[in-house]
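Structure record follows, encoded as structure tokens.
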Amino acid sequence: MRILFIMNPISGASSNDTAVLLIHEKAAATHVDFKFMYTSSENDDDRIQQQLTEYKPDRVVACGGDGTVQVVAKNLMNKKIPMGILPLGSANGLATALELPQKLEEAVDLVFSDAKSIQLDILEFDGRHICTHLADIGINARMIKNYEANEDRGMLGYAKYLLQSIKESPLFSFTIKTADQEYQKEGYMIVIANANMYGTGIRISDGSVSDGKFEISNIEKVALDEAIKAGLTKFNVFIDKNMFSDVISCDRAEIKINQKVDFQIDGEYMGEIDHLTIAIYPAAIPVLVK
Numbered sequence: 404m405r406i407l408f409i410m411n412p413i414s415g416a417s418s419n420d421t422a423v424l425l426i427h428e429k430a431a432a433t434h435v436d437f438k439f440m441y442t443s444s445e446n447d448d449d450r451i452q453q454q455l456t457e458y459k460p461d462r463v464v465a466c467g468g469d470g471t472v473q474v475v476a477k478n479l480m481n482k483k484i485p486m487g488i489l490p491l492g493s494a495n496g497l498a499t500a501l502e503l504p505q506k507l508e509e510a511v512d513l514v515f516s517d518a519k520s521i522q523l524d525i526l527e528f529d530g531r532h533i534c535t536h537l538a539d540i541g542i543n544a545r546m547i548k549n550y551e552a553n554e555d556r557g558m559l560g561y562a563k564y565l566l567q568s569i570k571e572s573p574l575f576s577f578t579i580k581t582a583d584q585e586y587q588k589e590g591y592m593i594v595i596a597n598a599n600m601y602g603t604g605i606r607i608s609d610g611s612v613s614d615g616k617f618e619i620s621n622i623e624k625v626a627l628d629e630a631i632k633a634g635l636t637k638f639n640v641f642i643d644k645n646m647f648s649d650v651i652s653c654d655r656a657e658i659k660i661n662q663k664v665d666f667q668i669d670g671e672y673m674g675e676i677d678h679l680t681i682a683i684y685p686a687a688i689p690v691l692v693k
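In structure tokens:
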């Protein structure tokens with residue numbers, strides 16, 4: 404078996420040295436051939452495609468957070484090559500939703516094992532951006548914008564900008580048009596989710612990454628104390644049970660907003676938008692699970 408490990412050298416707040424050491428040890432013990440490729444944000448797609456052609460891996464492992472998973476997934480769509488995940492990012496949303504091991508040793512064991520796989524759906528926005536975990540419009544996207552503009556890393560970096568982002572994010576009105584219905588709503592944040600929870604374990608819906616549908620959740624109100632305890636940080640004690648109660652499940656949608664609002668996909672800030680189309684590619688990639 405050949406395994407290609409695609410690693411983000413700056414994922415999260417800690418070094419990847421331990422992961423590299425564990426991979427070397429496991430490969431030696433199992434006599435598995437492996438190779439590393441480090442992302443650089445320059446020509447990553449071309450470099451991954453070159454490795455797929457020349458190295459011909461039997462599986463490809465994304466080593467990083469949701470952004471790294473997205474890059475790998477984009478290049479594996481419809482190739483029938485299983486994707487594994489080593490959750491090394493600040494927020495490992497898809498790995499959490501898939502209930503993958505969070506302990507590094509166990510995660511490495513899984514990607515080397517004869518693990519089963521499930522078929523992962525992929526979202527597409529405006530016909531050009533893909534999403535494996537979730538995207539959102541509003542508060543969380545503004546927080547990611549502030550986070551990316553500074554040098555703080557890890558979950559503490561996210562938490563630092565939470566209150567600021569809540570204060571800066573306006574209430575907005577919007578329309579959601581699906582194949583079956585049109586909805587008029589207003590809120591502070593819209594979540595478009597392939598998975599059913601954030602990387603912190605905060606549950607968004609009862610959806611699945613392999614059901615051929617995605618969920619749109621409207622956050623109608625955000626109290627500061629609820630946001631600090633629940634919204635998007637690991638410092639959650641509880642969450643208002645109604646915070647994610649306004650949910651629509653569909654396989655395609657169009658969102659129109661009455662003003663420009665911050666937008667992020669899989670932890671990457673994408674700018675301000677007032678219009679978005681969403682489609683889904685069912686069963687696009689096999690992904691290794693427990």
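In terms of the working numbering, the sequence shown opens at residue 404 and continues consecutively. Glycine residues also receive a C-beta, built at the ideal position from the N, C-alpha and C atoms.
* To do: Starting from F515, trace the alpha helix (DSSP H) both ways and give me its first and last residue.
  => Judged by DSSP secondary structure, F515 falls within the alpha helix (DSSP H) whose first and last residues are L507 to F515.
* When every heavy atom of the ligand MN is checked, does at least one fall within less than 6 angstroms of the C-beta of R606? -> You won't find the ligand MN in this model; it holds no ligand whatsoever.
* Between which two residues does the alpha helix (DSSP H) harbouring A431 extend? -> Unbroken alpha helix (DSSP H) run through A431: D420 to T433.
* Asked: Can you tell me where the alpha helix (DSSP H) with E457 in it begins and where it stops?
  -> Looking at the DSSP string, the run of the alpha helix (DSSP H) that includes E457 is D447 to E457.
* Asked: Short check: CB of D654 to CB of K663, under 7 angstroms?
  -> No, Cβ-Cβ distance for D654 and K663 is not below 7 angstroms.
* Asked: Is there a Cβ from chain D that is less than 7 angstroms from the Cβ of S611?
  -> Within the model displayed, chain D is absent; a lone protein chain is all it includes.
* Asked: Shortest alpha-carbon distance to A422 belongs to which of K506, D524, V463 and N597?
  -> Checked all of K506, D524, V463 and N597; the closest Cα to A422 is K506.
* C-alpha gap between E671 and I683, whole angstroms -> Straight-line spacing of the CA atoms in E671 and I683 works out to 19 angstroms.
* Asked: Any idea which residues DSSP pairs Y684 with across the strands?
  -> Answer by DSSP bridge pairing, in chain order: I525.
* Can you list, in chain order, the residues of its chain whose CB lies under 7 angstroms from that of P685, leaving out five sequence neighbours each side? -> Counting only Cβ-Cβ distances below 7 angstroms, and skipping sequence neighbours, we find D524 and G615.
* Asked: For V514 versus V463, is the C-beta distance shorter than 7 angstroms?
  -> Between V514 and V463, the C-beta gap is not smaller than 7 angstroms, which leaves the two residues out of contact.
* Residue range of the unbroken alpha helix (DSSP H) whose run includes A598 -> Counting along the chain, no alpha helix (DSSP H) covers A598, and no H or E run does either.
* Asked: Mapping DSSP to helix, strand and coil, what is G496?
  -> Helix, per DSSP.
* **Beta carbon of S613 nearer than 7 angstroms to that of I488** => Not in contact: S613 and I488 (Cβ atoms no closer than 7 angstroms).
* Asked: Just curious, the beta strand (DSSP E) that E551 is in, first and last residue?
  -> Note, E551: premise wrong, no beta strand (DSSP E); alpha helix (DSSP H) at I542 to E551.
* Please report the Cβ distance between N621 and D665, rounded to the nearest whole angstrom; I am assuming they are in contact, meaning their Cβ atoms lie under 8 angstroms. => D665 and N621 do not touch by the CB rule: their CB atoms are close to 16 angstroms apart, not below 8 angstroms.
* Asked: When DSSP builds the beta bridges, which residues end up paired with G674?
  -> According to DSSP, which records beta bridges pairwise, G674 is partnered with F666.
* To do: Using a threshold of 7 angstroms, state whether the C-beta atoms of V594 and D539 are closer than that.
  => In this structure, D539 lies closer than 7 angstroms to V594 by Cβ.
* **Proximal residues to G602 (C-beta, below 6 angstroms), its chain only, five neighbours per side dropped** => For G602, same chain residues with a beta-carbon under 6 angstroms away, outside a window of 5 residues either side, are A494, N495, G496 and T499 in chain order.
* Verify whether the separation of the beta carbon atoms of L537 and A596 is less than 7 angstroms. => A596 is positioned such that its CB atom lies closer than 7 angstroms to that of L537.
* Asked: Using the C-alpha atoms, what's the distance from I569 back to R450?
  -> So the alpha carbons of these two residues sit roughly 39 angstroms apart.
* D469 by DSSP, collapsed to three states: which one? -> Three-state DSSP puts D469 in a helix.
* **For V384: DSSP bridge partner residues** => Beyond the ends of the chain as shown, which are 404 and 693, falls residue 384; an answer cannot be given.
* I668 and C466: beta carbons closer than 7 angstroms? -> No, the pair does not count as a contact, with Cβ atoms beyond the cut-off.
* Asked: Per DSSP, what kind of secondary structure is E571 in: helix, strand or coil?
  -> Here E571 sits in helix by DSSP.
* Own chain, CB closer than 6 angstroms to M404, minus 5 neighbours either side, in chain order -> Excluding sequence positions up to five before and after M404, its CB lies within less than 6 angstroms of the CB of V435 and D461, all in the same chain and listed in chain order.
* To do: For the beta strand (DSSP E) containing S652, list its first residue and its last residue.
  => Counting along the chain, the unbroken beta strand (DSSP E) around S652 starts and ends at V650 to C653.
* **Residues near N661 in its chain [Cβ-Cβ closer than 7 angstroms; skip 5 each side]** => Contacts found: F575, S576 and F577.
* Keeping to the same chain, check which residues put their C-beta closer than 7 angstroms to that of A656; ignore five residues upstream and five downstream. => So the qualifying residues of the chain are I579, K580, T581, I619 and I681.
* Status (buried if at least 16 other CB within 10 Å, exposed otherwise) for A598 -> The C-beta of A598 has 16 or more other C-beta atoms within 10 Å across all chains shown, which makes the residue buried.
* Just the Cα atoms here: how many angstroms apart are A518 and I406? -> Distance between the alpha carbons of A518 and I406 is about 13 angstroms.
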